Structures are given as C-alpha cells and as structure tokens.
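Asker: Here it is: the structure, laid out below.
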Amino acid sequence: MTEPLNEAVAKGGVRIQELRAATPMLREAGARADRLIRLEKHLREHEADYAAALAADLGKSATEAWSTEIGFIIGQSRYARRHLREWMRPRRVPLPAVARPGRGRVVPTPLGVVCVIAPWNYPLHLALAPVVTAIAAGNSVVVKPSELAPRTAELIESNLPGVLGVENCAVVSGGAEVTSALLQERFDHIFYTGGGRVGRIVMEAAAKHLTPVTLELGGRSPAIVCADADLAVAARRIVWGKFVNAGQTCVAPDHVVVEREVADRLVSLMTAEIRSSFGEDAALSADYGRIINTHHVDRLDGLIRSSEAREVVGGIVDRDRRFVSPTLLIEPGPSTDVLADEIFGPILPVLPVDDLDETLRQMASGPTPLALYAFTGSDERARRILDTVPSGGAVINHTLLHLAVHELPFGGMGESGHGAYHGQAGFDRLSHLRSILQRPTRPDPKLAYPPYGRVAQRLLRRLTA
Ligand code: NAD
C-alpha cells in the first residue's frame, strides 16, 4: 500500500511508505557503500556545476566551495564507507551473573525514513552530510533543501534521487509551506538544521508522531582571548573563522571577548589580517562571499548602524551587490541588537573586559552556544574556561576546525540544539541500537522461578545487586 504525501508535498512524488518499504535494500554494508560511492563520483564529476551554483547563491569561491561543501562531503562519505563494517558490527556486552550463560549484543539497525531539512548557508554540505549519515546507517531519505539557495537546491533536486536511487531517496523543494506540509507526515527521524524558531516548529510537529528529532541550531558562539594568548595567531584564526562564507556559518565566532590589556593590540592585528586576507576592498576579493539576500543585507546594515560602537572597522554595505565588508565593531553599546542575537554575517563585535572570570560566569548563565573558542597559552586557563562556560563543542587556540575531525561528534546543547552527528556518533544517532540477549535453553534451574524457596531468595539477592 502506498501512502501519498499531502498535496503540496505529493508534487515531489514522494511516497514515504514506499521509501520505508525499500530500506531492506540497504541492509548490507555493500549496498550502503555502493550508494555512497555513487554520490562521491557524482560530486567529483559535477564539481564545476555545484561550484557555479554555490557561487551564484552565496558568491562562494571555488576554494571554499570545495573545502567546505563538495570536498567536505566526499571526505565524509569516504570516511563513513571505510568504517561502515566496523560501525555496523554487533557490539558484544558483558553479562551479569543473572543472565549467564548467554550472549548479549547491541545491534545497530536502520530507523526507516529520515527527513532532512537543510538551511541555506552551506546549502550542499548541510543537506548532504545528514544524507550520508542516514544512508550509512541504512535509512531512506527525504531531503528538503533550502529555498533561499535556489541554484544549489535545484541541483540537489534534479540529481540526488537518481544518484542514490529513487527507491531510497526523494527530494522535496519549497519554502515554509512545503516544509509544514512535509512535517505532517510520519518519519522515523527528522534531522533539522537551521534557526531555533523553526526548530521549535519542527519539534512540535514531530511530537504528533512521536518522531525523534535532531536539531542542529545556532547561537552566539564566543571567541575568548586571554592576555597570555599568542595574539597574532588568535587574530588570524578568528578572522579566518569569522569571515569564511561572509560570516554566515553556524559555528563562526559571533563576538570576541578579550582581556582589556591586550584589546587594542588584538584589534590592530585583526584589522591587518582582514586587509591581508581580502585586500583593501573585499568587494574585489575572489575569496570573499556575498550575503544570501537583500533581506539579510538590510538586517546586517541595521545591526552596524544601531551598534553605538566606539569604533567601526569596515562597515561598508552595498545592497545591490549583496555585499557587507568584513566589519569589526569595537565596544558596541551593551543593550544594542548586535549583542542580542546571533549575528550570522561578517560583523564581529569586540568586547574588552576587565574581569574575565566574572564575564565567564555571566556567559555561563546565558543560552548555550554551539561552539566556544578560547585563545590562551595556558592549559590551566583553557580548562577553567571549558569548565565554566558550557557549549556544544569547543576549540582551544583555533576556530571551526573541530568540524573537520570526523570522530568529534558535532552538535549543540540547549538553545543550540540537541543530538550530534559526524563519524560514529552520527551513525549511532540515525540507527536504533537494538539490544539482543540470547540464552541457551539449558540449564534452566527451577530454582529461578516461583515459588521461591529460601535458597532461591538468598541466591537472587546476591545475584541481582
Ligand atoms: P531557517 O530556520 O530559516 O530555515 C531552515 C529550514 O527551515 C529551511 O529549509 C526552510 O525552508 C525551513 N523553514 C523556514 N521557515 C519555516 C516554517 N515556518 N515552517 C517550517 N519550515 C520552515 O534557518 P536559516 O535562516 O536557513 O539558518 C540560519 C540559522 O541556522 C542560524 O541560527 C544558524 O546558526 C543555524 N545553523 C545551524 C547549523 C548547525 O549545524 N548547527 C548549520 C547552519 C545553520
């Protein structure tokens, strides 16, 4: 029996029940690996098409398109393929005396159909990384790319089902209405990446069917610079992490908290670093991206104008070209919008503080960020920062790079989401870890069953606690 999706979604020709019924096709590691190889091959062969789409949607350079999107997915897929058999293998567990003799194991099994809802900022990466994970775990997928990156969405829609097999993959395109319609359907897992507002809508819709969700959200990820840090390296790595993809990165350092005694020096090093990375006019740099649309250009422009900053470095906005220059806002007003929500653009507030420990304590009581970056020459200081301020992930003396380490689970906590993926954490997230206990039929002493005599009582008390 087929189960058509409701009208808006049925346009995409998706049949969730059919996709669910086709998951046994992915039971064997070989079948999963085969789909992943096809995806890698497709991305390699069509690299230029994807790079052109990413350039049109976000002004991404070919280098960034490769390293943060196309090449990233190929690398992730290869890693998954190489470890697939090891991840799929039943995991033996030791048995307590009460369950012996026997065999206990945890067997990862597919969930069924995973719905992937992707945002626009890394429109290929964030649509396909959950897909690679879902296929590695033996699931079928329904993918909803972001309508705000239309060129990339179009390529995903026209290619992915053919590459992964229409039996195991469907793509539905559209905006909020289509996503709402999609969310009325019953999936076996919903993997959502985007903002917290829609995250709440997703979770509410999922509750109707008791569908588990992974929410990869955002938040105000701080970069904390201590006076004992290597300031030149901190400046270079913060500027790199902030201005890649013109600041539209979920784990970009949102703002810098710096010990006051080194604040001026850090600002001048970051200013020099911006110039050396993107030249006098970043609009002419091949390595500097564009803002996704004019709505976001206007939003960012408003944040700069209303910031009450003591000093502004950059701050140039060209609405028609969707350009916002790399911008530092030195000491913005404490109650201004730029310090209220995640910036998600190339604006970096710099906040000098007199008492870093006190600031850390205040940060700890705010929403949990997706990432935390600490720059310090002291392991002890780094440990204190990590102990005080919770975050989804953290990097000491760099930014963003934890994403590139396959075996570091990537995900948030609290306001920045829940559930992590990448590497085996992702495989486990999109699997059901099924517990299986197998016992021989002999021995089967009557002593273990009622009516319990005194000996049985004594024995059971000893065996169970
Ligand atoms: P968004 O929430 O606007 O959109 C994401 C998806 O939700 C899109 O596919 C969109 O079609 C859908 N959507 C939008 N409105 C909807 C509605 N009313 N009902 C149902 N679906 C709807 O997010 P965004 O602006 O695309 O992304 C920005 C946010 O995402 C930032 O907060 C950023 O930090 C976060 N983000 C997180 C990660 C991560 O990996 N944790 C990665 C990228 C972005």
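Remember, the working numbering sits 4 above the position in the sequence shown when you count from 1.
Using N, Cα and C, we set each Cβ at its ideal position, and we do this for glycine too.
Model, not experiment: these values are computed from the prediction.
Who are the near neighbours of L406 in its chain, counting only those whose CB is closer than 6 Å to its CB and skipping five residues on each side?
Answerer: Reading the sequence as shown, one finds His at residue 406 and not Leu. Answer for H406: G397, V399 and L412, listed in chain order.
Asker: Thinking C-beta only, is R433 closer than 8 Å to V110?
Answerer: Cβ distance not < 8 Å, so V110 and R433 don't count as in contact.
Asker: On the premise that E419 lies in contact with L221, defined as a C-beta separation below 8 Å, what is that separation, rounded to the nearest angstrom?
Answerer: Indeed, because the Cβ distance is near 7 Å, the residues count as touching under 8 Å.
Asker: Classify I246 as buried or exposed, calling it buried when 16 or more other Cβ atoms lie within 10 Å of its own Cβ.
Answerer: Just to set this straight, residue 246 is Lys in the shown sequence, not Ile. Burial call: buried.
Asker: Looking at F431 and P112, is the spacing between their C-beta atoms short of 8 Å?
Answerer: Yes, Cβ-Cβ distance for P112 and F431 is below 8 Å.
Asker: Would you give the residue range spanned by the beta strand (DSSP E) that T403 belongs to?
Answerer: From DSSP, T403 is part of no beta strand (DSSP E); its letter is neither H nor E.
Asker: By how many angstroms is the C-alpha of A138 removed from the C-alpha of G318?
Answerer: The straight-line gap from Cα to Cα measures roughly 42 Å.
Asker: Does the beta-carbon of Q252 have 16 or more other beta-carbons within 10 angstroms, so that it is buried, or is it exposed?
Answerer: With 16 or more Cβ atoms within 10 Å of its Cβ, Q252 is classed as buried.
Asker: Per DSSP, what kind of secondary structure is P226 in: helix, strand or coil?
Answerer: Of the three classes helix, strand and coil, the one that applies to P226 here is strand, per DSSP.
Asker: Here's the rule: buried if 16 or more other CB atoms are within 10 angstroms of the residue's CB, otherwise exposed. What is D358?
Answerer: It counts as exposed.
Asker: Is there contact here, the stretch 287–300 with the stretch 256–273, by at least three beta-carbon pairs under 8 Å?
Answerer: Output reads no: the stretch 256–273 does not touch the stretch 287–300.
Asker: Am I right that T539 and D232 are in contact with their C-beta atoms under 8 Å? What's the rounded C-beta distance?
Answerer: Given a span of 5 to 469 for the chain in the structure shown, any question on residue 539 remains unanswerable.
Asker: Run the proximity test for F191: is its beta-carbon closer than 7 Å to any non-hydrogen atom belonging to the ligand NAD?
Answerer: No, Cβ of F191 sits at least 7 Å from all heavy atoms of the ligand NAD.
Asker: Three or more C-beta pairs under 8 Å: does that hold for the stretch 381–389 against the stretch 165–185?
Answerer: Result no; under three Cβ-Cβ pairs closer than 8 Å.
Asker: Based on Cα-Cα distance, which residue from P371, V206, M92 and H426 lies nearest to L130?
Answerer: For L130, the nearest C-alpha among the options comes from H426.
Asker: Flag this pair as yes or no: are the beta carbons of A33 and R86 separated by less than 8 Å?
Answerer: Against a cut-off of 8 Å, the Cβ pair of R86 and A33 comes out as no contact.
Asker: Indicate whether L307 and I242 have their beta-carbon atoms separated by less than 8 Å.
Answerer: Cβ atoms of L307 and I242: not closer than 8 Å.
Asker: Taking 8 Å as the threshold (C-beta atoms), are V262 and P356 in contact?
Answerer: Cβ atoms of P356 and V262: closer than 8 Å.
Asker: Let's test the definition: count the other Cβ atoms within 10 Å of the Cβ of S369 and tell me whether it reaches 16, buried, or not, exposed.
Answerer: Under this definition S369 is an exposed residue.
Asker: Looking at the secondary structure, which residues open and close the alpha helix (DSSP H) in which Y54 lies?
Answerer: Start and end: E51 to L62.
Asker: To the nearest angstrom, how far is the alpha carbon of G416 from that of F76?
Answerer: Going from the Cα of G416 to the Cα of F76 covers about 20 Å.
Asker: Return the chain-ordered ranges of every alpha helix (DSSP H) run that is complete within the stretch 414–462 and spans a minimum of 4 residues.
Answerer: Correct list: 427–433.
Asker: Hey, L152 and N249: beta-carbon distance below 8 Å or not?
Answerer: No, the Cβ-Cβ distance between L152 and N249 is not below 8 Å.
Asker: DSSP puts R477 in a beta bridge; with which residues?
Answerer: As shown, the chain starts at 5 and ends at 469. That puts residue 477 outside it, with no answer to give.
Asker: In three-state DSSP terms, what is Y83?
Answerer: Residue state, collapsed to three classes: helix.
Asker: Starting from P154, trace the alpha helix (DSSP H) both ways and give me its first and last residue.
Answerer: Counting along the chain, the alpha helix (DSSP H) containing P154 begins and ends at P154 to L168.
Asker: Among G200, V229 and L43, whose alpha-carbon lies nearest the alpha-carbon of P371?
Answerer: Checked all of G200, V229 and L43; the closest Cα to P371 is G200.
Asker: Quick one, which of T468, M92 and Y292 has its alpha-carbon nearest A66's?
Answerer: Checking every option, the nearest Cα to that of A66 belongs to Y292.
Asker: I'd like to confirm something about L304: is its beta-carbon nearer than 7 Å to some heavy atom of the ligand NAD, or not?
Answerer: Not under cutoff, so the answer is no.
Asker: Using three-state DSSP, classify R24 as helix, strand or coil.
Answerer: Residue state, collapsed to three classes: helix.
Asker: According to the Cβ coordinates, are V301 and L333 closer than 8 Å?
Answerer: No. Outside cutoff.
Asker: Can you give me the Cβ contacts of L270 inside the same chain, cut-off strictly under 8 Å, excluding the 5 residues immediately before and after it?
Answerer: Closer than 8 Å at the Cβ level, and outside the excluded window around L270, lie V229, L235, A238, A239, V260, V262 and V354.
Asker: Please state if the CB of A101 and the CB of L467 are separated by a distance shorter than 8 Å.
Answerer: Closer than 8 Å, so yes.
Asker: According to the neighbour-count rule (16 or more other Cβ atoms, all chains shown, within 10 Å of its Cβ), is V409 buried or exposed?
Answerer: Exposed is the call here.
Asker: Run through the stretch 270–355 for me and flag every whole alpha helix (DSSP H) of 4 or more residues, listed as ranges in chain order.
Answerer: Listed in chain order, they are 298–309.
Asker: Could you have a look at S71 and say whether DSSP puts it in helix, strand or coil?
Answerer: In this structure, S71 counts as helix in the three-state DSSP scheme.
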